[in-house]
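Asker:
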Amino acid sequence: MKHIHQASLRMFSFLFFKSLSKTGIKPLMIVAACLLSAPFYEVPVWAQFEDLLNRIPASANSIVVIDVSGMHASSLAKKEGWEKKHEAAYVERPIFLPPEADKIVIAAQLNFANDLGQNWELAVMDLQEPIPMRSIARAEGGYVDSINGLHAAWTPSDAYFVRLSTSVMGVMHPANRQAVSRWADFGRKNSSSVLSPYLSRATKVVRRGGPQIAMAIDLKDSTQPHKLEEGLKKSNVLKGNEQKIKELTELISGIQGATFSVKLDSKADGELRIDFSSETAKFASLAKPMVLEIVDDLGVHLDDLEKWKVELKGKSIILSGSLTNDGMRRVFSILEIPSTKFSELKDEDLSPGSPEKVAQASLTYFKSVAVLIDDLRKYLQTNRDNHIVYNERYARKIDRLPILNVDEDLLAYGSKVAETLRGVALAKRAAGSRTGVRNSSVYGNYSYNYDSNNNYYGRRSNASVKIQNRAEEQSKATGVRFTSWKEIEDSTASIRREMTKRYQIEF
């Protein structure tokens, strides 16, 4: 049908422009030639996501759009085997893509006042072939459910899988059954996108011959004035320059959002675009160092950014450059599919595993955890003590690893590693809270000091008192981090020896 439709359109265009040419309007013949050579029936890549985007609630403030087919077609993906079965290839690729999926949209509501904590996250996937809910439930150790008339599966990783249509599957975290029901109902009735204007524009970044992945965060009205002022005053880049602080306060207060896109060819090229409501040109000398400092303060430092070039265009600051696999793995840990355990599930694969199956599944699981630990180790070696986001996200990555046929002792080890990473993040959060409590009792500009006989002997700037409070609390958190990492290193060495001995293969 589409070929007949295409031929009809071409014939119509030919006759139409031929008649125009008789009037002497020659430039239109050029347009006619372009149209005749273009494939009329092709729909822009972003438009092919329409059905998935229509299922994203209006409360989403962040989104990832992935053209899986386009990624798999890249020479980098082919070279590194990203299209291979997930269980065998997790350790080889930087982003999880179910082989069955053709297109994926991930969305979440991030809490910007709480270190990018997630109120909820979900994913919708256009599948080439359906995956039975019973297979997902059995592989995950969950159970089959029916929600709002739809086949579903609850999983212990605190996610619900739902078959939204014959070819579309959804996953939602946390596994709030009522929220899943209402989300499914919304998807049934909604016929157009309800995304914010910023996120809606960002979805169009994915295009044929261009980026295959786009991640966008809507930041409009997200900055809290007191936190922005406090952050800029502490900035190492601004160094207390009141004029620059005032100017940047005005600029950052009008931030609209950030879009991170990745184009894959023989290598991965990334672009980070930060959009504002006012012109950015006068901040040329400050743009890159300020972006790096803000990214660090958010706890999502990325080594690759330091090597990227910066461009100021209109109301945007644009950084671009090469992206490593480690970098991609970190970036897309911020928003990712709420589970990774359902790839290529077949009922016949779910029988109790043979010793060989258990050994192979356990080896893959161990290597996957090791890759994530190595990523974090490299990150922490940069001596940056802002590790809340990545520690929490990587703990969740471990929770979501494939567990079918994995040795029980190894699963206990993985669970312990994830728990330890959360503990490190929690210690960092607690340090921030305790600093706030201590500083809230510091008033005025100076503290006056008296000895035991109530004799005055000097005063001290309260700014220095607040700095000391912060340093003391951060020191406690750093101590927890070092102790915890020693525990991870020791337990990793121990389980590696045990598994190697048990299965007689090198872990």
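One gets the numbering used here by counting positions in the sequence shown from 1 and adding 1 to each. The C-beta atom is built at its ideal place from N, Cα and C for all residues, glycine as well. Predicted, not measured: the structure shown is a model, and the values here were computed from it.
Should Asp-298 go down as buried or exposed, given a rule of 16 or more other Cβ atoms within 10 Å for buried?
Answerer: To locate residue 298, count along the sequence shown from 1; it is residue 297. Exposed is the call here.
Asker: For Met-126, collect the residues of the same chain with a Cβ closer than 6 Å to its Cβ; drop the 5 residues on either side in sequence, then sort them by chain order.
Answerer: On the sequence shown, position 125 is the one that residue 126 refers to. Closer than 6 Å at Cβ, skipping near neighbours: Ala-102, Ile-105, Met-170.
Asker: Could you check which residue in Arg-178, Glu-312, Glu-507, Leu-117 has the C-alpha nearest to that of Leu-151?
Answerer: For this step, residue 151 is matched to residue 150 along the sequence shown. Residue Arg-178 is the option with its Cα nearest to Leu-151.
Asker: Using DSSP bridges, identify the partner residues of Met-216.
Answerer: The sequence position of residue 216 within the sequence shown is 215, counting from 1. According to DSSP, which records beta bridges pairwise, Met-216 is partnered with Val-65, Phe-261.
Asker: When DSSP labels each residue in this structure, what does Ala-108 get in the three-state scheme?
Answerer: Within the sequence shown, residue 108 is the residue found at index 107, counting from 1. Of the three classes helix, strand and coil, the one that applies to Ala-108 here is strand, per DSSP.
Asker: Let me know if Glu-420 comes out buried or exposed under the rule of 16 or more other beta-carbons within 10 Å of its beta-carbon.
Answerer: Translated into positions along the sequence shown, residue 420 becomes position 419. When all chains shown are included, Glu-420 counts as exposed.
Asker: Applying the 10 Å Cβ sphere with the 16-neighbour rule, what's the burial state of Ser-262?
Answerer: In the sequence shown, counting from the first residue as 1, residue 262 sits at position 261. With 16 or more other Cβ atoms within 10 Å, it is buried.
Asker: Determine the burial state of Arg-164: buried for a count of at least 16 other Cβ atoms within 10 Å of its Cβ, exposed for fewer.
Answerer: The residue labelled residue 164 in the question sits at position 163 within the sequence shown. So Arg-164 ends up on the buried side.
Asker: Which residues bound the beta strand (DSSP E) around Thr-325?
Answerer: Looking up residue 325 in the sequence shown gives position 324. Neither: Thr-325 is in no beta strand (DSSP E) and is coded neither H nor E.
Asker: Say whether the segment 408-423 touches the segment 392-400, bearing in mind that this needs 3 or more beta-carbon pairs closer than 8 Å, one atom from each stretch.
Answerer: Counting Cβ pairs under 8 Å, three or more are found: they touch.
Asker: Check the C-beta distance from Ala-138 over to Ala-114 and give it rounded, since I have them as a contact under 8 Å.
Answerer: On the sequence shown, residue 138 is found 137 positions in, with the first residue counted as 1. On the sequence shown, residue 114 is found 113 positions in, with the first residue counted as 1. So it is not a contact: roughly 36 Å between Cβ atoms.
Asker: When DSSP labels each residue in this structure, what does Asp-116 get in the three-state scheme?
Answerer: On the sequence shown, residue 116 is found 115 positions in, with the first residue counted as 1. Of the three classes helix, strand and coil, the one that applies to Asp-116 here is coil, per DSSP.
Asker: Report, in whole angstroms, the separation of the C-beta atoms of Ile-96 and Arg-330, which I expect to be a contact under 8 Å.
Answerer: One-based indexing of the sequence shown puts residue 96 at position 95. One-based indexing of the sequence shown puts residue 330 at position 329. Between Arg-330 and Ile-96 the Cβ distance is about 7 Å, and since that is below 8 Å, they are a contact.
Asker: For Val-125, name the three-state secondary structure that DSSP assigns.
Answerer: The count along the sequence shown starts at 1 and reaches residue 125 at position 124. The answer is strand: DSSP assigns Val-125 an E or B state.
Asker: Output the distance between the C-alpha atoms of Pro-218 and Ala-61, rounded to the nearest integer angstrom.
Answerer: Taking the first residue of the sequence shown as 1, we reach residue 218 at position 217. Taking the first residue of the sequence shown as 1, we reach residue 61 at position 60. The question names Pro, yet the displayed sequence has Ile at residue 218. If you take the alpha carbons of Ile-218 and Ala-61, they lie about 9 Å apart.
Asker: Gly-188 to Lys-205, Cα distance in whole Å?
Answerer: In the sequence shown, counting from the first residue as 1, residue 188 sits at position 187. In the sequence shown, counting from the first residue as 1, residue 205 sits at position 204. So the two alpha carbons sit approximately 21 Å from each other.
Asker: Tell me Glu-251's beta-bridge partners as DSSP assigns them.
Answerer: Numbered from its first residue, the sequence shown carries residue 251 at position 250. In the DSSP output, where bridge partners are listed per residue, Glu-251 has none listed.
Asker: Helix or strand or just coil, what does DSSP make of Gly-150?
Answerer: As a position in the sequence shown, residue 150 is number 149, starting the count at 1. Three-state result, Gly-150: coil.
Asker: Should Glu-328 and Lys-310 be called a contact, given that it needs their Cβ atoms to be closer than 8 Å?
Answerer: The residue labelled residue 328 in the question sits at position 327 within the sequence shown. The residue labelled residue 310 in the question sits at position 309 within the sequence shown. Per the sequence presented here, residue 328 reads as Gly, with Glu not at that position. In this structure, Lys-310 does not lie closer than 8 Å to Gly-328 by Cβ.
Asker: Excluding the five sequence neighbours on either side, which residues of its own chain have a C-beta within less than 6 Å of the C-beta of Leu-200, listed in chain order?
Answerer: The count along the sequence shown starts at 1 and reaches residue 200 at position 199. Around Leu-200: Ile-64, Ala-217, Asp-219.
Asker: What residue does the alpha helix (DSSP H) around Asp-1 start on, and which one ends it?
Answerer: Outside the displayed range of the chain (2 to 508) lies residue 1, so it cannot be described from this structure.
Asker: Which of the three DSSP states is assigned to Glu-280 in this structure?
Answerer: The residue you call residue 280 lines up with position 279 of the sequence shown. Residue state, collapsed to three classes: coil.
Asker: Per DSSP, His-302 forms a beta bridge with which residues?
Answerer: Along the sequence shown, read from residue 1 onward, the residue named residue 302 stands at position 301. Paired residues: none, contrary to the question.
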